[in-house]
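These notes are about the structure you will find just below.
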Amino acid sequence: MRAESKVSGDLQDALSKGLLKRIPLTFQPFVNQQLNQWDNLFPNERRSTERLLLFVASLSLEQSTELFRSVVEIEEKMGVRHWQFSTSEQTIQNSSQLASSPYFQDWRRAVQSVFDAADAYASKLNGNAVQSERRLVLLHIPHNLPLDRTTVWRRWPETRRTVDLDLSPIGPSQDALGLLLMGSPPDAPTRLRGLLQIARDMAGTSHADTWVVDAGRSLVDALVEHAPSPESERRAIFLSNGRLDLYRQNFSHEMNSMRKDLADADAVFDRLRKVDVSPWCPPEVNADPAIREFVRSLYLTGNGAVIFGNSFVQWASSEGFRRARPRFLAAQFGVRSKPKPFTGVAVFDNPDQINPLPAVDDLPGSATDAQMLALYVWLAANRYEEYQHSTVCICVAESVSQACVVAPPEFSLGDEAKPISLARLGSALESWIA
Amino acid sequence: MDTELCPGAEMGSELVIDPGSLVDASKRRFLHATGMLLAGMLVPKISAGQEPHPLAGSGHRVVVVVIGGVRRDETFSAEGLVNIPHLSADLLPQSLFFPHARNEGVTAHFNAISSILTGNWQRVDDWGKLAPTTPTLFEQFRKGLRAERSDTWVVASNKALTSLIGASSDTNYGPTYGANVVFPKQLMLQAVVDALRTGRTANMADRSKVEAELENAMEGSNYEGLGWNVFDASNQLDPRVRATIQTAIANFVRSGGPTSGDELTFFMSREIMRKFAPQVLVVAFSDVEAAHFGSYSLHKAGIQTADRLTHQLWQEIQSNPDYRSKTTMVVLPEFGRDPDGSSTNGFFNHRANVDSTRDTWMLALGSAVDRPKVIERPIRHIDLCPTLGSLLGCPALEAQGQKIAELRG
Chain R
147 MRAESKVSGD
157 LQDALSKGLL
167 KRIPLTFQPF
177 VNQQLNQWDN
187 LFPNERRSTE
197 RLLLFVASLS
207 LEQSTELFRS
217 VVEIEEKMGV
227 RHWQFSTSEQ
237 TIQNSSQLAS
247 SPYFQDWRRA
257 VQSVFDAADA
267 YASKLNGNAV
277 QSERRLVLLH
287 IPHNLPLDRT
297 TVWRRWPETR
307 RTVDLDLSPI
317 GPSQDALGLL
327 LMGSPPDAPT
337 RLRGLLQIAR
347 DMAGTSHADT
357 WVVDAGRSLV
367 DALVEHAPSP
377 ESERRAIFLS
387 NGRLDLYRQN
397 FSHEMNSMRK
407 DLADADAVFD
417 RLRKVDVSPW
427 CPPEVNADPA
437 IREFVRSLYL
447 TGNGAVIFGN
457 SFVQWASSEG
467 FRRARPRFLA
477 AQFGVRSKPK
487 PFTGVAVFDN
497 PDQINPLPAV
507 DDLPGSATDA
517 QMLALYVWLA
527 ANRYEEYQHS
537 TVCICVAESV
547 SQACVVAPPE
557 FSLGDEAKPI
567 SLARLGSALE
577 SWIA
Chain D
436 MDTELCPGAE
446 MGSELVIDPG
456 SLVDASKRRF
466 LHATGMLLAG
476 MLVPKISAGQ
486 EPHPLAGSGH
496 RVVVVVIGGV
506 RRDETFSAEG
516 LVNIPHLSAD
526 LLPQSLFFPH
536 ARNEGVTAHF
546 NAISSILTGN
556 WQRVDDWGKL
566 APTTPTLFEQ
576 FRKGLRAERS
586 DTWVVASNKA
596 LTSLIGASSD
606 TNYGPTYGAN
616 VVFPKQLMLQ
626 AVVDALRTGR
636 TANMADRSKV
646 EAELENAMEG
656 SNYEGLGWNV
666 FDASNQLDPR
676 VRATIQTAIA
686 NFVRSGGPTS
696 GDELTFFMSR
706 EIMRKFAPQV
716 LVVAFSDVEA
726 AHFGSYSLHK
736 AGIQTADRLT
746 HQLWQEIQSN
756 PDYRSKTTMV
766 VLPEFGRDPD
776 GSSTNGFFNH
786 RANVDSTRDT
796 WMLALGSAVD
806 RPKVIERPIR
816 HIDLCPTLGS
826 LLGCPALEAQ
836 GQKIAELRG
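What follows is the structure, encoded as structure tokens:
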């Protein structure tokens with residue numbers, strides 16, 4: 147196995163003793179894919195894969211047979227051995243065959259209980275250290291997206307607090323999220339260090355612990371431009387939908403060429419999994435193979451990331467939480483265009499290429515999208531234990547001068563009698579993660 | 436730990452509770468509103484007009500409207516009613532309403548629609564490469580009652596369907612007894628592709644030229660490239676069909692109205708009703724599937740479009756003498772969508788094994804409805820086919836689905 151030399155000694159040892167032979171057929175695509183792409187995994191993913199495999203390795207043969215008994219029995223009922231089922235990687239055809247089986251739900255439950263057992267084993271070994279780390283999720287819906295104060299937070303958890311903001315000192319050319327991330331200018335009355343710097347300085351963090359995701363490009367343009375050094379830029383993950391234009395267009399072009407069948411879909415996806423994407427990447431993505439591959443996987447898994455900037459923000463953030471468990475994530479939503487007459491159906495193509503009518507901003511529609519997707523970013527984080535105890539999530543809606551806060555009681559904002567300034571907000575957030 | 440190897444893994448048993456289900460307060464309000472609207476609104480029974488050709492079986496006609504994946508949250512809930520003003524205020528008061536119509540099969544487009552049309556849960560290829568394994572309503576109707584092919588049509592926007600939706604792989608039935616299947620949206624996509632290939636994209640921005648582009652897309656190449664199957668024609672369309680489609684395109688382009696795939700599907704369906712008056716017509720709308728791309732606003736716009744077009748179809752039924760007073764129209768989503776916070780990315784998808792995705796609703800109105808009523812008893816999507824077969828007078832086939840007693844001819 148290509149990756150065996152790069153994994154930990156314990157895992158390498160277990161693999162060389164034939165650990166993979168104890169893994170059921172339907173686990174193998176996942177495990178093999180993770181091991182083969184070890185270099186492209188985030189630290190959290192490596193830990194997670196290792197946890198599962200070392201757990202299995204810790205069991206006797208009888209115990210591991212017992213652990214996987216339900217999965218194997220269901221595989222037999224499904225007839226997986228007779229399928230065209232890839233064991234080296236996860237494919238669309240694999241997923242389709244599994245999902246079409248009448249035993250699919252049983253299989254999912256059986257798989258989940260294996261992972262639960264591995265989690266319980268890891269918790270016993272490691273305790274709850276990660277749960278106590280302070281984390282921050284900062285979401286921003288910019289001023290040009292019109293929202294309704296009376297309904298904007300309706301779907302958020304009942305434990306939310308709303309904070310009125312006094313954003314009047316912010317100039318029209320200034321960006322609230324940019325100020326919070328980069329800090330205030332030296333001559334400002336209240337000095338903000340900037341959340342980005344603080345997040346990067348948190349003890350024990352890796353580059354995958356700090357993320358900024360932008361539906362457009364201006365925020366990341368500014369962050370890259372103001373980075374004190376290329377080294378500091380590499381200590382965070384910057385993803386800008388606008389700066390990824392070329393990457394996205396090349397992917398969507400390939401996807402459009404796909405015929406409507408599984409074999410062709412897998413062939414196109416296989417090509418897209420292997421194509422050299424470096425020439426299409428902005429420098430901050432190209433510099434790190436894990437991020438380059440993250441974007442590739444993001445586009446391959448769809449969910450609108452290739453189509454709409456706000457979907458890109460939501461899906462990149464959700465996948466970021468799932469794969470990297472960052473301690474700090476900031477995300478900015480933006481504006482999409484209205485579908486063009488007659489050609490709106492061909493959403494996979496570049497709308498400007500197929501219809502020369504000028505693009506028209508859909509501000510109310512973009513606001514509705516951003517409102518929902520901001521919530522989805524928070525819900526995606528909240529699925530993981532790491533974010534359920536010591537995480538502050540704050541969504542700033544500039545057009546209504548309000549922020550929604552979901553936070554532990556010890557977070558200092560929430561019961562403000564008057565609107566607070568951006569400096570006060572920034573200061574509270576900086577204190578939280580400092 | 437995330438079960439990454441599970442396609443669409445769902446975590447947390449709490450998600451088994453459908454957050455979009457009608458909570459008690461809104462349900463009461465909803466039922467109250469229904470009751471208020473019932474009085475004096477029984478469907479008028481008008482004697483049949485002149486028939487273009489003898490009707491098969493009972494003489495009943497059925498129109499089935501299938502609306503992609505929509506959650507209760509965005510439709511028949513207190514907050515969703517705003518998206519469906521026509522379904523809730525115009526059609527519901529005349530309807531048998533089933534608040535719980537369950538999809539207990541594969542919640543993917545081809546399987547969902549073929550389950551509805553066969554009365555058996557289908558588990559075939561999601562991409563429509565395999566036909567349903569048991570006879571469709573079209574085959575049962577055509578073989579059992581010697582009906583014409585022109586009497587059975589599927590008009591669909593959904594790109595996940597193929598012409599195999601029109602007939603099963605059952606050797607006793609099959610394509611010989613299948614329906615005509617057309618995908619109007621494919622015509623638009625083909626027109627876009629052609630315009631791109633030939634450098635005529637400017638035409639797609641000019642309403643006066645779009646009509647010609649759409650007609651070119653129909654005529655320019657082998658029409659089977661559109662994925663249609665009409666009257667078993669191999670390379671060219673039946674002249675009656677061509678004329679029908681030309682009229683539909685002209686109405687669509689010249690209406691000056693919205694231009695989504697579902698709009699063209701509506702115009703095409705209406706024209707087919709006027710020209711062929713099929714006894715069995717299935718219309719599948721899919722603008723709601725913009726949800727897959729993560730635009731909640733476009734998804735809701737799709738629901739509103741389907742709501743309006745469904746109402747317009749009902750108006751056509753009421754004004755068209757071939758249909759008036761002898762037609763039952765049924766409206767149902769293929770499935771719901773996943774709940775907010777699910778690991779399958781909420782409304783984007785429809786893979787979670789939870790009520791939000793499986794528990795939908797169904798409206799039936801027209802001749803088979805004695806009186807408007809809300810039926811709380813859950814029904815299954817597979818119950819529709821035997822019910823409609825019975826209304827049409829088809830000999831009963833063994834199926835997983837069971838007749839819905841409240842619907843009768």
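The listed protein sequences derive, respectively, from chains R and D.
Counting in the numbering used here, the first sequence runs from 147 upward without gaps.
Counting in the numbering used here, the second sequence runs from 436 upward without gaps.
Note that beta-carbon positions come from the ideal geometry of N, C-alpha and C, so glycine has one too.
Remember, it's a predicted structure, so these values are computed and weren't measured experimentally.
message = Between which residues of its own chain and Asn651 (chain D) is the CB-CB distance below 6 Å, once the five residues before and five after are set aside?
response = In its chain, beyond the 5 residues on either side, no residue has a beta carbon closer than 6 Å to the beta carbon of Asn651 (chain D).
ask   = Closer than 8 Å, CB to CB, is Pro473 (chain R) near chain D or not?
value = Per the sequence shown, the amino acid found at residue 473 (chain R) is Arg instead of Pro. Output row for Arg473 (chain R): interface = no.
task = Answer yes if the segment 524–531 of chain D comes into contact with the segment 213–231 of chain R, meaning at least three C-beta pairs across the two stretches below 8 Å, and no otherwise.
result = Counting Cβ pairs under 8 Å, fewer than three are found: no touch.
message = Quick check on Phe458 (chain R): buried or exposed, where buried means 16 or more other Cβ atoms within 10 Å of its Cβ?
response = Buried, because 16 or more other Cβ atoms sit within 10 Å of the Cβ of Phe458 (chain R).
CB contact check: Ala834 (chain D) to chain R, cutoff 8 Å = Contact of Ala834 (chain D) with chain R is not assigned, every C-beta pair being separated by 8 Å or more.
message = Give me the residue from R:Glu212, R:Ile540, R:Thr537 with the minimum Cα distance to Ser120 (chain R).
response = In the structure displayed, chain R extends from 147 to 580; residue 120 (chain R) sits before or after that span and is not available.
inquiry  = Less than 8 Å between the beta carbons of Pro288 (chain R) and Gln548 (chain R), yes or no?
reply    = Not a contact, by the Cβ cut-off of 8 Å.
inquiry  = For a test of the three-state rule: what should DSSP assign to Trp796 (chain D), helix, strand or coil?
reply    = The three-state secondary structure of Trp796 (chain D), taken from DSSP, is strand.
key: Rounded distance between the beta-carbons of Leu699 (chain D) and Lys620 (chain D), thought under 8 Å   = Indeed, because the Cβ distance is near 6 Å, the residues count as touching under 8 Å.
query = Looking only at DSSP bridge pairs, what is Asp697 (chain D) linked to?
reply = Looking at the DSSP output, Asp697 (chain D) bridges to nothing.
key: Best match in D:Ser592, D:Ala787, D:Ala536, D:Glu509 for proximity to Arg812 (chain D) [C-alpha to C-alpha]   = In terms of CA proximity to Arg812 (chain D), D:Ala536 leads the group D:Ser592, D:Ala787, D:Ala536, D:Glu509.
key: Status (buried if at least 16 other CB within 10 Å, exposed otherwise) for His399 (chain R)   = Counting every other CB atom within 10 Å of its CB across the protein chains shown gives His399 (chain R) a total below 16, marking it as exposed.
ask   = Does the beta carbon of Met518 (chain R) come closer than 8 Å to any beta carbon on chain D?
value = So yes, Met518 (chain R) belongs to the interface.
With 16 other Cβ atoms within 10 Å as the buried cut-off, status of Pro170 (chain R) = Buried, by the Cβ-count rule.
inquiry  = Cutting at 7 Å between CB atoms, please list the residues of its own chain near Leu165 (chain R), excluding the five before and the five after it.
reply    = Taking Leu165 (chain R) as the centre and dropping the five residues before and after it, the same chain places the C-beta of Leu199, Val202, Ala203 closer than 7 Å to its C-beta, in chain order.
ask   = For Asn686 (chain D), which three-state DSSP category applies?
value = Helix.
ask   = CB-CB under 8 Å to Tyr758 (chain D), same chain, minus the five flanking residues each way: which ones, in chain order?
value = Same-chain partners within the cutoff: Arg496, Val498, Met708, Ala712, Glu751, Ile752.
query = Are the beta-carbon atoms belonging to Val452 (chain R) and Arg363 (chain R) less than 8 Å from one another?
reply = Result no, Cβ atoms of Val452 (chain R) and Arg363 (chain R) do not sit closer than 8 Å.
query = If you run the structure through DSSP and keep just helix, strand and coil, what is Asp223 (chain R)?
reply = Note on identity: in this sequence residue 223 (chain R) is Lys, with Asp being the wrong assignment. It is helical.
task = Compute the beta-carbon to beta-carbon distance between Asn538 (chain D) and His816 (chain D), rounded to the nearest angstrom, for a pair I have assumed lies under 8 Å.
result = Between His816 (chain D) and Asn538 (chain D) the Cβ distance is about 5 Å, and since that is below 8 Å, they are a contact.
key: Span separating the alpha-carbon of Ala349 (chain R) from that of Cys541 (chain R)   = Distance between the alpha carbons of Ala349 (chain R) and Cys541 (chain R): 25 Å.
key: Where the segment 537–558 of chain D meets chain R: residues whose CB sits under 7 Å from a CB there   = Only Val541, Arg558 from the segment 537–558 of chain D bring a Cβ to less than 7 Å from some Cβ of chain R.
message = For Ser247 (chain R) and Ala719 (chain D), I'd like the C-alpha separation in whole angstroms.
response = For Ser247 (chain R) and Ala719 (chain D), the distance between alpha carbons rounds to 25 Å.
ask   = Smallest Cα separation from Lys761 (chain D): which of D:Met797, D:Gln739, D:Leu827, D:Arg743?
value = Ranked by how close their Cα comes to the Cα of Lys761 (chain D), the residues D:Met797, D:Gln739, D:Leu827, D:Arg743 have D:Leu827 in first place.
request  = For the segment 584–665 of chain D, list the beta strand (DSSP E) runs that are entirely contained and at least 3 residues long, ordered along the chain.
outcome  = Inside the segment 584–665 of chain D, DSSP marks whole beta strand (DSSP E) runs of 3 or more residues at positions 587–591, 615–617, from first to last along the chain.
ask   = Taking the DSSP output, what are the residues bridged to Met764 (chain D)?
value = D:Val498, D:Leu800, per the DSSP bridge assignment.
ask   = Got a sec: is the Cβ-Cβ distance from Ile169 (chain R) to anything in chain D below 8 Å?
value = Not closer than 8 Å to any Cβ of chain D, the Cβ of Ile169 (chain R) fails to qualify, so no.
ask   = For Leu580 (chain D) versus Leu842 (chain D), is the C-beta spacing smaller than 8 Å?
value = Taking 8 Å as the cut-off, the beta carbon of Leu580 (chain D) is found no closer than this to the beta carbon of Leu842 (chain D).
ask   = Which residues of chain R have a Cβ atom closer than 7 Å to the Cβ of Ser732 (chain D), listed in chain order?
value = Near Ser732 (chain D) (Cβ distances below 7 Å), the residues of chain R are Gly511, Thr514, Asp515.
ask   = How big is the Cα-Cα spacing for Asn283 (chain R) and Asp360 (chain R)?
value = Correcting the residue type first, residue 283 (chain R) is Val in the shown sequence and not Asn. If you take the alpha carbons of Val283 (chain R) and Asp360 (chain R), they lie about 14 Å apart.
query = At which residues does the alpha helix (DSSP H) containing Ser162 (chain R) begin and terminate?
reply = For Ser162 (chain R), the enclosing alpha helix (DSSP H) has its first and last residue at 155–162.
Any C-beta of chain D under 8 Å from that of Leu293 (chain R) = It does not; no Cβ of chain D falls within 8 Å.
query = Should Ala382 (chain R) be labelled buried (16 or more other beta-carbon atoms within 10 Å of its own) or exposed?
reply = Label assigned to Ala382 (chain R): buried.
task = Just tell me which of D:Val505, D:Ala736, D:Arg786 has its CA closest to the CA of Gly511 (chain R).
result = Ranking D:Val505, D:Ala736, D:Arg786 by Cα distance to Gly511 (chain R) puts D:Ala736 first.
Proximity test, Cβ basis, 8 Å: Ala640 (chain D) and chain R = Chain R, which has a Cβ nearer than 8 Å to the Cβ of Ala640 (chain D), makes this yes.
query = What residues from chain D crowd round Asn387 (chain R), counting only those whose CB sits closer than 9 Å?
reply = What Asn387 (chain R) touches in chain D: nothing, since even the nearest Cβ is about 12 Å away.
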